[in-house]
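Visitor: full-length UniProt numbering puts the sequence shown at residues 1 to 392. Backbone N, C-alpha and C fix where the C-beta goes; we use that ideal spot for every residue, glycine too.
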Amino acid sequence: MLALLSTFTLAAIAYGSSNTNYNGPSNAHCVRTTYNIALPTYSTLPFNSSLAPGLDPSTAAMTELTAQYVTNPGNFSQAYLSGSNSSTGAAYDISGVLCIPKAGDKHNGTVQLLVHGLGFDSSYWDWGFQPENYSYVMRAAAEGYTTFRYDRLGTGESEHPFDGYHEVQSLTDVQIMISILTLLHQGGIGGKAYSSVLGVGHSYGSTQLTAASVVVPNLLSALVLTGFSANATSFGRAIASMAFSRADEGQPDRFTGLPGSYIIPGLPQSNQINFLYYPFYDPDVAPYSYANVEPITQGVVFSLAAISGSRSNFTGPVHLVTGDRDWIFCGSQCGVKPDGNHTILELTDIVFPKSSNFTVYSPENTGHGLNLHLSAPDTYTNILNWLGALST
1 MLALLSTFTL AAIAYGSSNT NYNGPSNAHC VRTTYNIALP TYSTLPFNSS LAPGLDPSTA
61 AMTELTAQYV TNPGNFSQAY LSGSNSSTGA AYDISGVLCI PKAGDKHNGT VQLLVHGLGF
121 DSSYWDWGFQ PENYSYVMRA AAEGYTTFRY DRLGTGESEH PFDGYHEVQS LTDVQIMISI
181 LTLLHQGGIG GKAYSSVLGV GHSYGSTQLT AASVVVPNLL SALVLTGFSA NATSFGRAIA
241 SMAFSRADEG QPDRFTGLPG SYIIPGLPQS NQINFLYYPF YDPDVAPYSY ANVEPITQGV
301 VFSLAAISGS RSNFTGPVHL VTGDRDWIFC GSQCGVKPDG NHTILELTDI VFPKSSNFTV
361 YSPENTGHGL NLHLSAPDTY TNILNWLGAL ST
């Protein structure tokens, strides 16, 4: 497969975020920049020739691949993975927004790295829709925090490689994050070297931060993991309930030209089931969210297990923030106590056995997409109070 990769011309497609005219809230100086992130040699999952570079599956073929993965992951691995992990090196254009509070940075030397999940780009952290209620960046700036959010590979203003199997997968995303963490510490983003990076993730972004904390725990000072737990029992039905369609067919006005490996939730109802808990959100949030959905690649979905499950070496504080009705990570029952004493969220401390302080907050009547719910302002208050207490 390495020979195949070396001879294939890796095409990249440029796609703009649906929110290109909005870079940040009124209380922060925000600058969007595209960074060419050069990755060292790293490992990716070795999908075989059945998922060859350049494969452009039909909707029916894409759906069948998803069904095979969900119903029998073991058989899927036997059918589509070959040999050991492939080592590769690459460089990708990643777009990010650095926001510095207009009233002054009250936490000199500290930056919050905001990492979004699947189905979004980094505007998840700074929605143009009622930012006074839903923009975490605005609330963080009000508390004097500098933030850096970036669009994951294949989303928003970042590069969209044509190969959505071998290139755009979870292992690549983690390596990009590690490179960004390094740049933040070295002054490669915004011209300032930050001594403390606070990782704030949502869902898949939390999974990436956890994976990075296994490899480079020294690059992170604290972790806030939202929309996350160590429980994966609902993952299969969550993927199935997405009812994925090809992105270029589901929203052709935005994604024409993307191959069939780029997928989106097939219906507004799919988005609601997985991200929202009815009726505890503004009625305008659901259509806005679906109209601005961002693509996922099947390569990311099929490689999630490769970055999950390892216990972290991270010794710093960890704050887990997951809605009590999170469908993906709790089956909408986050208060359940599997061992009779501890909730699903409390048991997630098993992932961080060396953490100096593991805490949990679970906002009520809140689904997986915390930033989309009426509880978002209270959630932001909790997170920022927790972070603020670290420096006192």
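Leaving out five residues before and five after Y204 in sequence, what residues of the same chain have Cβ atoms less than 6 Å from its Cβ?
Guide: By 1-based counting over the sequence shown, the position of residue 204 is 204. Contacts found: G117 and L118.
Visitor: Sort out for me which residues DSSP pairs F358 with in a bridge.
Guide: By one-based count along the sequence shown, residue 358 stands at place 358. According to DSSP, which records beta bridges pairwise, F358 is partnered with V318.
Visitor: Does the stretch 319-334 come into contact with the stretch 219-234, if we say contact requires no fewer than three beta-carbon pairs (one atom in each stretch) closer than 8 Å?
Guide: With a cut-off of 8 Å, the stretch 219-234 and the stretch 319-334 count as touching, because enough Cβ pairs lie within range.
Visitor: Who are the Cβ neighbours of F302 in its own chain at under 7 Å, not counting the five residues just before and after it?
Guide: Position 302 of the sequence shown holds residue 302. Within the same chain, F302 has close Cβ partners Y69.
Visitor: Can we say the stretch 180-200 touches the stretch 281-301, given the rule of at least three CB pairs closer than 8 Å?
Guide: Contact fails: fewer than three Cβ-Cβ distances are below 8 Å.
Visitor: Which word fits P353, buried or exposed, when buried means at least 16 other C-beta atoms lie within 10 angstroms of its C-beta?
Guide: In the sequence shown, the residue the question calls residue 353 occupies position 353. Looking at its Cβ environment, which holds fewer than 16 other Cβ atoms inside 10 Å, P353 is exposed.
Visitor: Please report the Cβ distance between R149 and G96, rounded to the nearest whole angstrom; I am assuming they are in contact, meaning their Cβ atoms lie under 8 Å.
Guide: Here residue 149 corresponds to residue number 149 of the sequence shown, with the count starting at 1. Here residue 96 corresponds to residue number 96 of the sequence shown, with the count starting at 1. Contact holds; Cβ gap of about 6 Å.
Visitor: Can you tell me whether T233 is buried or exposed, with buried defined as 16 or more other CB within 10 angstroms of its CB?
Guide: Taking the first residue of the sequence shown as 1, we reach residue 233 at position 233. The residue in question, T233, is exposed, as its Cβ has fewer than 16 Cβ neighbours within 10 Å.
Visitor: Over what stretch of residues does the alpha helix (DSSP H) that includes L171 continue unbroken?
Guide: Here residue 171 refers to the residue found at position 171 of the sequence shown. Run containing L171: S170 to Q186, per the alpha helix (DSSP H) assignment.
Visitor: Which residue comes first and which comes last in the alpha helix (DSSP H) that contains Q333?
Guide: Residue numbering aside, residue 333 sits at position 333 when the sequence shown is read from its first letter. Run containing Q333: none; DSSP gives neither H nor E here.
Visitor: CA-CA distance, L81 and S50?
Guide: Position 81 of the sequence shown, counting from 1, holds the residue named residue 81. Position 50 of the sequence shown, counting from 1, holds the residue named residue 50. Their backbone Cα atoms lie some 9 Å apart in a straight line.
Visitor: Is the stretch 349-366 close to the stretch 246-261, with three or more CB pairs under 8 Å?
Guide: Output reads no: the stretch 246-261 does not touch the stretch 349-366.
Visitor: To which residues does DSSP link P101 through a beta bridge?
Guide: Position 101 of the sequence shown holds residue 101. According to DSSP, which records beta bridges pairwise, P101 is partnered with A28.
Visitor: From which residue to which residue does the alpha helix (DSSP H) around I239 run?
Guide: Position 239 of the sequence shown holds residue 239. That run of the alpha helix (DSSP H) goes F235 to S241.
Visitor: Whole alpha helix (DSSP H) runs in the stretch 73-140 with 4 or more residues, listed along the chain?
Guide: List check, alpha helix (DSSP H) in window: 73-80 and 131-134.
Visitor: Among the candidates G367, P317, P338 and D282, whose CA atom is the shortest distance from the CA of D324?
Guide: Counting from 1 along the sequence shown, the entry for residue 324 is found at position 324. With distances taken between Cα atoms, D324 lies closest to G367.
Visitor: Could you check the C-alpha separation between M1 and N48 for me, to the nearest Å?
Guide: Residue 1 sits at position 1 when you count from the first residue of the sequence shown. Residue 48 sits at position 48 when you count from the first residue of the sequence shown. Because the pLDDT of M1 is 25, which lies under 50, any placement of that residue in the model is unreliable, and the number read from its coordinates should be weighed accordingly. Those two C-alpha atoms are separated by around 7 Å.
Visitor: So S87 and V300 are supposed to be a Cβ contact under 8 Å. How far apart are they, rounded?
Guide: Within the sequence shown, numbered from 1, the residue matching residue 87 stands at position 87. Within the sequence shown, numbered from 1, the residue matching residue 300 stands at position 300. So it is not a contact: roughly 19 Å between Cβ atoms.
Visitor: Taking the CB atoms as reference points, tell me whether T44 and G89 lie closer together than 7 Å.
Guide: Here residue 44 refers to the residue found at position 44 when the sequence shown is read from its first residue. Here residue 89 refers to the residue found at position 89 when the sequence shown is read from its first residue. In this structure, G89 does not lie closer than 7 Å to T44 by Cβ.
Visitor: Is the stretch 277-287 in contact with the stretch 333-342, if contact means three or more CB pairs nearer than 8 Å?
Guide: Flag = no, the stretch 277-287 and the stretch 333-342 do not touch.
Visitor: Measure from the alpha carbon of Q208 to the alpha carbon of each residue in S196, L223 and N218, then state which is nearest.
Guide: As a first step, residue 208 must be located in the sequence shown, where it is residue number 208. Here the closest residue by C-alpha is L223.
Visitor: So, using beta-carbon positions, are L220 and V200 closer together than 7 Å?
Guide: Position 220 of the sequence shown holds residue 220. Position 200 of the sequence shown holds residue 200. No. Outside cutoff.
Visitor: What would DSSP say about E275, mapped onto helix, strand or coil?
Guide: The count along the sequence shown starts at 1 and reaches residue 275 at position 275. Glu is not the amino acid found at residue 275; the sequence shown has Phe there. Helix, per DSSP.
Visitor: So, is R311 buried or exposed, given that buried needs 16 or more other C-beta atoms within 10 angstroms?
Guide: In the sequence shown, residue 311 corresponds to position 311, counting from 1. Exposed is the call here.
Visitor: Would you mind working out which of L390, P161, I383 and F314 sits nearest Q298, comparing C-alpha positions?
Guide: Here the question's residue 298 lines up with position 298 in the sequence shown. Comparing Cα positions, the closest option is P161.
Visitor: Leaving out five residues before and five after residue 440 in sequence, what residues of the same chain have Cβ atoms less than 7 Å from its Cβ?
Guide: Past the boundaries of the shown model lies residue 440; the chain is included only from 1 to 392, so the question cannot be answered.
Visitor: Please tell me whether F314 and S213 are closer than 7 Å, where the distance is taken between their beta carbons.
Guide: Against the sequence shown, residue 314 aligns to sequence position 314. Against the sequence shown, residue 213 aligns to sequence position 213. Result yes, Cβ atoms of F314 and S213 sit closer than 7 Å.
Visitor: Starting from the Cα of P317, find the closest Cα among L387, G144, A243 and A38 and give me that residue.
Guide: Stepping through the sequence shown from its first residue, residue 317 is reached at position 317. The candidate whose alpha carbon is nearest that of P317 is L387.
Visitor: In the structure shown, what three-state DSSP assignment does R149 receive?
Guide: If you number the sequence shown from 1, residue 149 lands on position 149. Three-state DSSP puts R149 in a strand.
Visitor: Helix, strand or coil for S6, going by three-state DSSP, please let me know.
Guide: Walking along the sequence shown from the start, residue 6 turns up at place 6. In this predicted model, S6 has a pLDDT of only 27, less than 50, meaning its place in the structure is not dependable; the value taken from the coordinates is given anyway. In this structure, S6 counts as helix in the three-state DSSP scheme.
Visitor: What residue range does the beta strand (DSSP E) around T44 cover?
Guide: Here the question's residue 44 lines up with position 44 in the sequence shown. That run of the beta strand (DSSP E) goes Y42 to T44.
Visitor: Can you tell me whether G250 is buried or exposed? The criterion is at least 16 other CB atoms within 10 Å of its CB, across all chains shown.
Guide: Numbered from 1 along the sequence shown, position 250 holds the residue referred to as residue 250. Buried is the call here.
Visitor: Under a three-way DSSP split, which group does F244 fall into?
Guide: On the sequence shown, position 244 is the one that residue 244 refers to. Three-state DSSP puts F244 in coil, outside helix and strand.
Visitor: For L181 versus Y92, is the C-beta spacing smaller than 7 Å?
Guide: For the purposes of this step, residue 181 is identified with residue 181 of the sequence shown, where counting begins at 1. For the purposes of this step, residue 92 is identified with residue 92 of the sequence shown, where counting begins at 1. In this structure, Y92 does not lie closer than 7 Å to L181 by Cβ.
Visitor: May I have the straight-line CA-CA distance separating T7 from D126, to the nearest angstrom?
Guide: Stepping through the sequence shown from its first residue, residue 7 is reached at position 7. Stepping through the sequence shown from its first residue, residue 126 is reached at position 126. Residue confidence for T7 is low, a pLDDT of 25 falling below 50, so the modelled location carries little weight and cannot support an answer.
Visitor: Is DSSP giving residue 395 helix, strand or coil here?
Guide: Any answer about residue 395 is impossible in this case: the structure gives the chain only from 1 up to 392.
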